[in-house]
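K.L.:
Handing you this structure, nothing more for now.
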Amino acid sequence: MNGTASLGDIDSYLRSIWLECCGHLSRFTTGGWGSAELAKPRRVDSVLKDGDELIHIYDFGTQSITRVRAMGSRQAEPLSRRPIVLMARNIIPQAECVECDQPASHLCQECQQEWDSPGLLCRRHAQNHPHDEYGEPIELVNSPRLGLCGYTGPAEPPY
Ligand SMILES: [Zn+2]
Ligand SMILES: [Zn+2]
Ligand SMILES: [Zn+2]
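The sequence shown runs contiguously to residue 419 in our numbering.
See below:
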């Protein structure tokens, strides 16, 4: 990301690609117990040197915690006019249906919350699944927040 961009730019990016469900509060800290909050308007080049880490917390109730690390820096033309360029991303972890051994495509939150089961279902078993207390099974997306609070994705980069 561009060094002149702000922590707020990281916050919006993380919300779009991974976190946003219902507009919860979020904050950055330097990590550790009782560590100070870093204001979102601050420039990243003023708070992060190479190797430094920050902790981003989204939703103080059902928390999603993201560790942000400055891997390295360079002086050069920006790669984009946008504050952030996505260089690489994880592949969504493979999971198996709890009813058969086919790849899972859906998640039942009731299984997860009430029945102590991973709640992962293939397309076929998601269709006639008996639980509806938390709504229909939701489609798996590439985000660690899936199944927390009201999060259903889309887990796509914002730009
Ligand atoms: Zn929420
Ligand atoms: Zn199945
Ligand atoms: Zn279920």
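Idealized CB from N, CA, C, for every residue including glycine.
Between which two residues does the beta strand (DSSP E) holding residue 307 run?
P.N.:
Careful: residue 307 lies outside any beta strand (DSSP E), inside the alpha helix (DSSP H) at 304 to 307.
K.L.:
Excluding the 5 residues flanking residue 370 on each side, which residues of the same chain have their C-beta closer than 6 angstroms to its C-beta?
P.N.:
Here the set comprises 391, 393, 394.
K.L.:
Looking at C-beta atoms only, is the number of pairs between the segment 345 to 354 and the segment 304 to 315 that lie closer than 8 angstroms three or more?
P.N.:
Contact between the segment 345 to 354 and the segment 304 to 315 is absent, because fewer than three Cβ pairs lie under 8 angstroms.
K.L.:
Counting by C-beta, which residues lie closer than 5 angstroms to a heavy atom of ligand 1, in chain order?
P.N.:
This selection yields 281, 282, 409, 410.
K.L.:
Would you report the Cα separation of residue 389 and residue 415, rounded to the nearest angstrom?
P.N.:
Rounded to the nearest angstrom, the two C-alpha atoms are 24 angstroms apart.
K.L.:
Just to check, is the beta-carbon of residue 359 closer than 6 angstroms to a non-hydrogen atom of ligand 2?
P.N.:
Yes.
K.L.:
Please report the residue range of the beta strand (DSSP E) in which residue 316 lies.
P.N.:
Looking at the DSSP string, the run of the beta strand (DSSP E) that includes residue 316 is 313 to 318.
K.L.:
For residue 386, is the classification buried or exposed, using 16 other Cβ atoms within 10 angstroms of its Cβ as the cut-off for buried?
P.N.:
Buried.
K.L.:
Go to residue 287, then tell me how far its beta strand (DSSP E) extends in each direction, as first and last residue.
P.N.:
Residue 287 -> beta strand (DSSP E) spans 286 to 289.
K.L.:
Can you find the residues in the same chain that come closer than 7 angstroms, C-beta to C-beta, to residue 279, ignoring five residues on each side of it along the sequence?
P.N.:
Taken in chain order, the residues that qualify are 318, 324, 405.
K.L.:
With a floor of 3 residues, list each beta strand (DSSP E) that falls wholly inside the segment 321 to 405, ordered by position along the chain.
P.N.:
Correct list: 324 to 329.
K.L.:
Could you say which of 266, 272, 267, 262 lies nearest to residue 417 if we only look at CA atoms?
P.N.:
Considering only alpha carbons, the answer is 272.
K.L.:
For residue 408, does the three-state DSSP call read helix, strand or coil?
P.N.:
If DSSP states are grouped into helix, strand and coil, residue 408 belongs with coil.
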